[in-house]
Amino acid sequence: MWYHLFKHVLLGPLLRILGRPEVVGLEHVPRSGPVIIAANHLAVIDSLYLALVLPRRVTFLAKQEYFTGTGWKGRFNRWFYTVSGQVPVDRTGGTAAADALAAATRILEEDGIWAIHPEGTRSPDGRVYRGRTGALRVAIATGAPVVPVVLSGTDRVNPPGSRMWRFAKVRIHFGAPRHYPPAGARTDARTETDALMRELARRSGRQYVDTYAATFSSRGTSTQRHRRRPYGHN
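The opening residue of the sequence shown carries number 97 in our numbering; numbering runs sequentially from there.
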């Protein structure tokens, strides 16, 4: 109930007013069955806009810290992520990755939509960075199609480091599903992940960086120098 209440009443209308989302290629998302949504990552609200425009319910794996915080903010985060149906995952320790992939697999086995940002963290400068292989490993194991998604403008609605949301144009472009043979065909998750991230970079008109965003130091670089506006100005 809360998921749809947030989407249609409490939060969705505000997101539509702020971002005026323009959606292209939504017909590429299967109307039923398991689906993996793989999108670039520019801002905290990326997941909110994906949930807003997808007609089917979408589930993300949220870091466990969102469910264990203290104080009023911690309590609110725990309540919000719980009632919106997100799945807590411990990202520390040796078994964390396996637990996350198992949780994602369960979502798909129930014919659900699992959404993920393969970069693992927000891009520090708008470029598309090397992806983690988890999404492709799950796709190969389950046979679920992967729909590549390019987000643009969310970092202007929700600028990095700012608590304020602003008016800006958001564009969301869904690409054709990518299908992978079963695990027995020895499909290489690393190679296919690199191909997926390069497709996201090509579709976004942004540079691809073959380095993990989490380990990239933006010192000495200019955010604006690397940003492009392939869809026109806001």
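In this text, a Cβ means the ideal position worked out from N, Cα and C, and glycines have one as well. Since we're looking at a predicted model, the values are computed, not measured.
Per DSSP, reduced to three states, the secondary structure at arginine 267 is strand. Each residue's CA atom was taken as its position, placing glutamine 160 and glutamate 295 some 30 Å apart. Taking C-alpha positions only, isoleucine 268 is separated from valine 120 by approximately 6 Å.
Within the model, the alpha-carbon separation for leucine 106 versus isoleucine 113 is close to 13 Å. If the five residues before and after valine 140 are omitted, its C-beta is found closer than 8 Å to the C-beta atoms of Arg218 and Asn254, all from its own chain and listed in chain order. Between the C-alpha atoms of methionine 260 and arginine 226 there is a straight-line separation of about 29 Å.
Nearest neighbour of histidine 275 by Cα position, chosen from Ala235, Ser248 and Val246, turns out to be Ala235.
Per the Cβ contact rule, the stretch 120-138 is in contact with the stretch 150-157 (3 or more Cβ pairs under 8 Å). For a cut-off of 8 Å, the C-beta gap from proline 273 to histidine 124 is around 6 Å, short enough to register as a contact.
Of all alpha-carbon atoms in Ala297, Ser143, Glu205 and Phe312, the one lying nearest the alpha-carbon of tyrosine 99 is that of Ser143.
Contact check between the stretch 231-246 and the stretch 285-303: three or more CB pairs, one atom from each, fall below 8 Å, which counts as touching. In the same chain as glutamate 118, and ignoring 5 residues on each side of it, the C-beta atoms closer than 6 Å to its own belong to Arg267, in chain order. Residue Ala240 holds the alpha-carbon nearest to the alpha-carbon of threonine 201 among Asp221, Ala240 and Pro214.
Among the bridge pairs identified by DSSP, tryptophan 98 is matched with none. According to the DSSP assignment, leucine 247 belongs to the beta strand (DSSP E) that extends over 242-248.
In this chain, the alpha helix (DSSP H) harbouring alanine 231 covers 230-238.
In the three-state scheme derived from DSSP, where H, G and I count as helix and E and B as strand, valine 305 is classed as strand.
Looking at the backbone, the Cα of alanine 309 and that of threonine 238 are separated by about 27 Å.
Distances from the alpha-carbon of glycine 181 to those of Gly165, Ala147 and Ser258 put Ala147 closest.
For alanine 211, the three-state secondary structure derived from DSSP is strand.
Residue Pro220 holds the alpha-carbon nearest to the alpha-carbon of threonine 311 among Ala285, Pro220 and Gly271.
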